[in-house]
């Protein structure tokens, strides 16, 4: 059973471009979380999704950021018109249901030039 | 007030030492508790869940005090490989997870 997969592992974008980060949860996991981690800082919750539904997006900036978890395929975190302050590591985590611990993917390191 | 607070450290201890980390949480409705370990530039990995009665896994012991709303992690006989950042994680109602900022541990030869 493969773990949580994220791609790309490293992504470089210029200011104003779009960044698309993908997360494939573990097999059988229907819950996905996205977190952002700035250098030397802790994990910050962004959004929690179940298949086809956004459950909690309270940690996600209102503008430029969106997330989806379609019925088929990976979860996508999309950042439009990236700025330098978006440079960070973005981790996703999945779990099979309630009352379970989270399993993390290896992260995507976004660098905005 | 933050949902979860940890002493950021750093803790620098010699090999073989015993070290303890504490973590406090603010929401009395918190339901599940975990310790994760994060190595530099890697993803967090579950170290252990924390149960009400306390639990032990080899050199690691976790305790939960619901009355005082704190969680502890004790590491005995520290190894060089224990050097990492230790994250306290709390699950509140539903599937809301809150992470502490982490406590940095360096075990020195």
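Chains as they are written, first to last, in our numbering: chain A, 1 to 113; chain B, 114 to 222. We treat Cβ as the ideally placed atom computed from N, Cα and C, and that holds for glycine.
- request: Taking residue 89/A as part of the beta strand (DSSP E), name the residues at either end of that continuous run.
  value: 88 to 95
query: What residues from the segment 29 to 43 of chain A come within 8 Å of chain B, judged by C-beta to C-beta, listed N to C?
result: 31, 33, 35, 41, 42, 43
task: Classify residue 120/B as helix, strand or coil using the three-state DSSP reduction.
output: coil
- request: With a 10 Å radius around its C-beta and 16 neighbouring C-beta atoms as the bar for buried, classify residue 86/A as buried or exposed.
  value: buried
message: Runs of 3 residues minimum, wholly inside the segment 127 to 192 of chain B: which ones carry the beta strand (DSSP E) assignment?
response: 132 to 138, 145 to 151, 158 to 163, 168 to 170, 173 to 178, 183 to 188
message: So if DSSP puts residue 30/A in a beta bridge, which residue, or which two residues, is it bridged to?
response: For residue 30/A, which the question treats as bridged, DSSP gives no partner whatsoever.
query: Are the beta-carbon atoms of residue 76/A and residue 22/A separated by less than 7 Å?
result: yes
message: Give me the subset of the segment 84 to 95 of chain A whose CB atoms are less than 7 Å from a CB atom of chain B, sorted by chain position.
response: 91
message: Could you check whether the segment 133 to 141 of chain B touches the segment 188 to 208 of chain B, counting it as contact only if at least three pairs of C-beta atoms, one from each stretch, sit closer than 8 Å?
response: yes
- prompt: Are any of the Cβ atoms in chain A nearer than 7 Å to that of residue 212/B?
  reply: yes
task: To the nearest angstrom, report how far apart residue 183/B and residue 108/A are at their CA atoms.
output: In a straight line, the C-alpha of residue 183/B is about 32 Å away from that of residue 108/A.
message: Since residue 216/B and residue 121/B should fall inside the 8 Å C-beta cutoff, what is the C-beta to C-beta distance between them, to a whole number of angstroms?
response: Right, the Cβ-Cβ distance comes to about 6 Å (below 8 Å), so this counts as a contact.
message: Applying the 10 Å Cβ sphere with the 16-neighbour rule, what's the burial state of residue 48/A?
response: buried
- request: Sort 211/B, 222/B, 220/B by Cα distance to residue 149/B and report the nearest one.
  value: 211/B
First and last residue of the uninterrupted beta strand (DSSP E) at residue 75/A: 75 to 79
- prompt: Would a C-beta distance cut-off of 7 Å place residue 125/B and residue 221/B closer than the cut-off?
  reply: yes
query: Do residue 105/A and residue 6/A have their C-beta atoms within less than 7 Å of each other?
result: yes
message: Just verifying my parser: in three-state terms, what is the DSSP assignment at residue 84/A?
response: helix
message: So that I know if they touch, is there some Cβ in chain A lying closer than 7 Å to that of residue 156/B?
response: yes
task: Determine the chain A residues that contact residue 159/B at a beta-carbon separation under 8 Å, and present them in chain order.
output: Per Cβ cutoff of 8 Å: 101, 102, 103.
query: Hey, residue 70/A and residue 29/A: beta-carbon distance below 7 Å or not?
result: no
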